[in-house]
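Each residue of the sequence shown is one higher than the one before, counting from 1 in full-length UniProt numbering.
Below is one structure; the comments refer to it alone.
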Amino acid sequence: MSSSLASSSYRRRILDSKAAASHALYSCRLPSRSGSRQPAHTRIGDTARAHGVESSIISVLTMHHWETLNHMAYKFGKLDKVHGKLALKILGSIVQQSGLERITHVYCLAAHILIQAQMHSQAMSVLKHLAMAGFSCSAIFSSLLRTISRCDSNPMVFDLLINAYLKERKVVDASKAILLMDDCGFKASTHTCNAVLNALVEVGESKNVWFFLKESLARKFPLDVTTCNIVLNYFCLDGNLRKANLMLQKMKSRSISNVVTYNTILYWYVKKGRFKAAMRVFKDMEKNGVEADVYTYNIMIDKLCKMKRSVRSYLLLKRMRENNLSPDECTYNTLIKGFFDEGKMKLAIYIFNEMLKQSLKPSLATYTTLIDGYCRSGVTGEALRVLYEMQVAGVKPSELTYSAMLNGYCKASMPGHALNLIEDLKARGTTINRTMYTILIDGFCQLGVVSKAKQILKSMLVVGINPDVVTYSALINGMCKMGKLDETKEILSRMQKTGVLPNEVLYTTLVCYCCKSGYVGEALKYFVDIYRRGLAANSFIHNTLLCALYREGMVTQAEQFKQYMSRMKISFDVASFNCIIDSYCTRGNMHEAFSVYDNMHRKPSMHYFWGFANTEL
């Protein structure tokens, strides 16, 4: 028989199968939740004869004698890898034929056979091909469902389909498949449920994550606490703390929350500045019997220290000990820095000594915190002593440590000591980084020695270290204080030619300097340049410009700029209100002056009353 005839005959059989599909016997009933299964299907003869049958079928496929398959002997039997390989060969021959219908059924039958033959990776490959072939998830699932009992297969095929979708990054289809499984009475494995939720988080579609999460919890999918914590953190990262809190409540209702759950939302509440909400979570932990760990306390201690409430932080440290928790190095370092920041040097030293009593060895971070604290407190001698002690203890200072020391010398107006430290570091082979050079430049500028600062800038360039916007800002700020406008423009131009663009801080410096020096036109140019570069001028820049316009007698421009600020909803500060009222009083427009005064949202300064008192009514 010719090849075309064989193909034609095969197509007729496919069409006959399609017609038979509508018959009640064709469609399988869903397995009951008790796990009952349909009768076994007709299979090729026993394993001993499998190789002979395989050889016969391969011959049939090679010669395209498709009708011969109808006359071969079949009976019930158990499948093994021989049958699986045979199924793959048949599938390969079938897909080469043109114009085939119900091809999804053929693939699904092959997948079931491969699963029964314990050839899971090959079954996965077949399902991956289906997943990428353009068929909808519901169509593939439906075909698998209609063929599952014909092959006496098992629900593992659905897990494999979901994993196939996940491997091909078709995460939404994977989530649809797992919901279809549940609708049909099948339960996905714990691994599959968690894998789908994790994949949705990785894709980053918040709406899909939340929908699948709600469905999972409602359907009692076996989600584990690790996955739920990942989802919780995702909502926090996405800035959706409301959903994160709802997630926490749902986890609590299912008794799957743990200390990591609470620490996650606690950290993000603190990070977003919602300390009261963080305290509620902290108390809720105790209420629900979840014991806080060292990380929990460290989060709270760090936030309290940043809020300048280090004494309260220390009370938390004592509470840790009462709960048999040992504060770690991070706990003590945070408290030491907190007390130094509040100017409570003696308490900082007390905490350090307490740390030593607990047999905790100071680390690089501890020593650097102490040196920085001493330097900012103006006690450079003590900082130098700590620097020596850490080296004796075998702790090598870092660039951050030396930067803190340099900053201390500069703040204490000891530029000579700073330069000596730099030379000493060079002699030891320590690389002087950009931060160290910037500290030196800023230090000399603060002392008014701009020429030395410029020399240091040149030294940076010679050794191949490119200044950044912070370095240039330090130098420009120093030159502005010295009234060197032309040199400032020159440095600014050189900076931009090297690809370093001004930031908001530098623009604020330039605008303020120009306004203070009476160069309002130059200040307005910088103001326009801010928006031209896609930045946004802060309220301080706006108010500084407004005052300068009034002060220079540019009343029309000042009024226009005031209207612009009102339209942009930019608040007027006390200085601006002073300038506006002074301007109206000077021009004798007392009605407008009192109107501005009545609309103030701030407590007026004494300057207002002098403005009114010196005006002739």
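Even for Gly, the Cβ is constructed at its ideal location relative to N, Cα and C.
Helix, strand or coil at Glu522 [DSSP, three-state]:
Assigned with DSSP and collapsed to three states, Glu522 falls in helix.
For Val520 and Ala548, which I take to be in contact (beta-carbon distance under 8 Å), what is that distance rounded to the nearest angstrom?
Distance from Val520 to Ala548 at the Cβ level is roughly 5 Å; contact confirmed, criterion being Cβ atoms closer than 8 Å.
Quick check on DSSP: helix, strand or coil for residue 628?
Residue coverage of the chain in this structure runs from 1 to 617, which leaves residue 628 outside it and unanswerable.
Is it the case that the Cβ atoms of Met285 and Tyr262 are separated by a distance below 7 Å?
Yes, the Cβ-Cβ distance between Met285 and Tyr262 is below 7 Å.
Exposed unless 16 or more other CB atoms sit within 10 angstroms - verdict on Asp159
Buried, by the Cβ-count rule.
Straight-line Cα distance separating Tyr513 from Pro327
Tyr513 has its alpha-carbon roughly 48 Å from the corresponding atom of Pro327.
Could you please give the first and the last residue of the uninterrupted alpha helix (DSSP H) stretch that includes Phe540?
Start and end: Ser539 to Arg551.
Between Leu197 and Phe211, which are expected to be in contact by the criterion C-beta below 8 Å, what is the C-beta distance as a whole number of angstroms?
Actually they do not touch by this definition, with Cβ atoms about 11 Å apart.
Helix or strand or just coil, what does DSSP make of Arg309?
If DSSP states are grouped into helix, strand and coil, Arg309 belongs with coil.
Give me, in chain order, the residues of the same chain whose beta-carbon lies closer than 7 Å to that of Cys480; leave out the 5 immediate sequence neighbours on both sides.
Same-chain partners within the cutoff: Thr488, Thr509 and Tyr513.
Determine the DSSP secondary structure at Glu389, reduced to helix, strand or coil.
In the structure shown, Glu389 falls within a helical segment according to DSSP collapsed to helix, strand and coil.
Cα-Cα separation, Glu504 to Asp468
Roughly 14 Å between the two C-alpha positions.
From which residue to which residue does the alpha helix (DSSP H) around Val270 run?
Counted as a single uninterrupted DSSP element, the alpha helix (DSSP H) harbouring Val270 occupies residues Val259 to Lys271.
Exposure label - Asp302; buried when at least 16 CB within 10 Å
So Asp302 ends up on the buried side.
Mind checking Met251: buried by the 16 CB within 10 Å criterion, or exposed?
A buried status is given to Met251, since no fewer than 16 other beta-carbon atoms sit within 10 Å of its beta-carbon.
When DSSP labels each residue in this structure, what does Asn240 get in the three-state scheme?
Note: Asn240 maps to coil in three-state DSSP.
Unbroken stretches of the alpha helix (DSSP H), 4 residues or longer, contained in the stretch 322–360
Runs found: 329–341 and 345–357.
Would you identify the three-state DSSP class for Leu248, choosing helix, strand or coil?
Helix at Leu248.
Distance between beta carbons of Thr104 and Ala139, contact taken as under 8 Å:
Their Cβ separation, rounded to whole angstroms, is 6 Å, which keeps Ala139 and Thr104 in contact under 8 Å.
Since Phe339 contacts Ser310 with CB under 8 Å, what's their CB separation in whole angstroms?
Contact holds; Cβ gap of about 5 Å.
Within 10 angstroms of its Cβ, does Ala244 collect 16 or more other Cβ (buried), or is it exposed?
Label assigned to Ala244: buried.
Which of the three DSSP states, helix, strand or coil, is assigned to Ala188?
Looking at Ala188 - three-state DSSP - the assignment turns out to be coil, as it is neither helix nor strand.
Just how far apart, CA to CA, sit Met300 and Asp293?
Cα to Cα, Met300 sits roughly 11 Å from Asp293.
Roughly how many angstroms lie between the CA atoms of Ile256 and Ser359, to the nearest whole one?
About 37 Å.
With respect to the alpha helix (DSSP H) encompassing Pro415, which residues constitute its N-terminal and C-terminal limits?
If you look at Pro415, you'll find it in the alpha helix (DSSP H) that goes Pro415 to Arg428.
With DSSP run on the structure shown, which of helix, strand or coil describes Phe275?
Note: Phe275 maps to helix in three-state DSSP.
In this structure, how does DSSP classify Met554 when only helix, strand and coil are distinguished?
Residue state, collapsed to three classes: coil.
In this structure, how does DSSP classify Asp529 when only helix, strand and coil are distinguished?
Helix at Asp529.
Work out the CA separation of Met436 and Ser403 for me, nearest whole Å.
Rounded to the nearest angstrom, the two C-alpha atoms are 6 Å apart.
Contact between the stretch 571–580 and the stretch 543–558 (3+ Cβ pairs under 8 Å):
Flag = yes, the stretch 571–580 and the stretch 543–558 touch.
Would DSSP call Ile581 helix, strand or coil?
Helix at Ile581.
Closest by C-alpha distance to Leu315, when choosing among Cys330, Tyr297 and Gly478
Answer by Cα proximity: Tyr297.
Can you tell me where the alpha helix (DSSP H) holding Asn477 begins and where it ends?
Residues Val469 to Lys481.
Length of the line joining the Cα atoms of Leu440 and Asn420:
Between the C-alpha atoms of Leu440 and Asn420 there is a straight-line separation of about 12 Å.
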